[in-house]
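First residue of the sequence shown? That's 1 in the UniProt record's numbering, and the numbers climb one at a time after it.
What follows is one structure encoded as structure tokens, with my remarks underneath.
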Amino acid sequence: MSEALLRDYYAAFNRGESAAMLALLTDDVVHEPSQGAVREGKAAFADFLDHMNRCYKEAVIGPVFLTSADGARAAAEFMLEGEYLVTDGDLPAASGQRYRLRVGAFFELREGKIARVSNHYNLADWLAQVGG
């Protein structure tokens with residue numbers, strides 16, 4: 001069940017379907033980004049997705065999943081291919097730069113939904129790829 005849930009989550013991500021992603025989350029989901037403040041709740045996660053979809057076009061490539069025996073925890077490792085569309089805050093100026101990053105993601109799962117998402121990647125590598 002947990003691997004199927006994560007496959008559905010990343011398939012929705014790759015299709016750019018935020019509503020489908022949000023449907024897979026608990027109402028009290030916790031989002032721990034690689035950089036920045038922790039977000040709590042589905043509304044905060046929806047705001048994050050809106051921001052990301054405005055600034056970036058990304059796709060998850062070749063995810064590999066690991067799950068705990070009890071199904072309460074899971075992890076994914078994948079390559080993230082993206083295009084930097086619109087300048088994001090004080091990050092380097094966007095001009096359609098393409099990038100490729102290795103990402104690790106960790107999840108807590110509860111009652112068939114995702115209760116925590118923690119994403120981790122190398123920001124210095126991303127900055128070097130986009131010219132920062």
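We put the beta carbon where it would ideally sit given N, CA and C, even for glycine.
Scanning its chain for C-beta atoms nearer than 7 Å, with the 5 sequence neighbours on each side dropped, one finds around Phe13 the residues Met21, Val60, in chain order.
For the options Ile114, Pro92, Gly82, Asp50, the alpha carbon positioned closest to that of Val103 is the one of Gly82. The three-state reading of DSSP puts Val130 in helix, counting H, G and I together. For Leu25, the pairing in a beta bridge is given by DSSP as Ile114. Under the three-state reduction of DSSP, Leu6 is assigned to helix. Here the stretch 62 to 77 does not lie against the stretch 86 to 93, with fewer than 3 beta-carbon pairs under 8 Å apart. The beta carbon of Asp27 sits closer than 8 Å to the beta carbons of Gly41, Lys42 from its chain, once the five residues preceding and following it are set aside; these are given in chain order. Nearest C-alpha to Val117 among Phe45, Trp126, Ser95: Phe45.
Residue state for Asn122 is assigned as coil, using DSSP reduced to three classes. Collapsing the DSSP output to three states places Leu49 in a helix. Exclusion of the five residues before and after His31 leaves Arg39, Phe45, Val117 as the residues of its chain whose Cβ lies within less than 6 Å of its Cβ.
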